[in-house]
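At position 44 of the sequence shown (counting the first as 1) the number is 1100 in the working numbering, and the numbers step up by one without a gap.
Please read the structure below before turning to the comments.
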Amino acid sequence: MERYFQIKEQLPLRERSYTDQQGQQKVFASTGFVLTDGINTVFAEAVGDMARALDQQKPDPKVLHLVEFELGCREWQDSQNQRRFENSVRITKMA
1057 MERYFQIKEQ LPLRERSYTD QQGQQKVFAS TGFVLTDGIN TVFAEAVGDM ARALDQQKPD
1117 PKVLHLVEFE LGCREWQDSQ NQRRFENSVR ITKMA
């Protein structure tokens, strides 16, 4: 999916170490963005090499950016065993 957004806020790059299923040490990188189209506001996250590239690039918050993204949904149960849902927005490209 693509949409034009302006950047309201770019959060700092975060890198976290973890061990994958084969026992290898890996680093997970992510950068969060608060984006708006003038009506809607959404939190989106870039991960991996895209997060590192956008952290270096520091996109200009004064202009509109064409953002390509993927939407996801996760279902989980809270402490009272109620079904809960969480949406995620992952940035795959920003120009």
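The C-beta atom is built at its ideal place from N, Cα and C for all residues, glycine as well.
Starting from A1102 and walking both ways along the beta strand (DSSP E), at which residues does that stretch end? It spans 1097–1103 - the beta strand (DSSP E) in which A1102 sits, taken as one unbroken run.
Which same chain residues, not among the five before or five after R1108, have their C-beta less than 6 angstroms away from its C-beta? Short of 6 angstroms from the beta carbon of R1108, and not among the five residues preceding or following it, lie these beta carbons of its own chain, in chain order: A1085.
Relative to the C-alpha of G1094, which candidate in D1134, V1119, V1145, R1072 has its C-alpha closest? Considering only D1134, V1119, V1145, R1072, the residue with the shortest C-alpha distance to G1094 is V1119.
In the DSSP assignment, find the unbroken beta strand (DSSP E) run with L1091 in it and report its ends. Run containing L1091: 1081–1092, per the beta strand (DSSP E) assignment.
Out of A1151, L1069, F1089, state which residue places its alpha-carbon closest to the alpha-carbon of Y1063. Before going on, a small fix: residue 1063 reads as Ile here, not Tyr. With distances taken between Cα atoms, I1063 lies closest to F1089.
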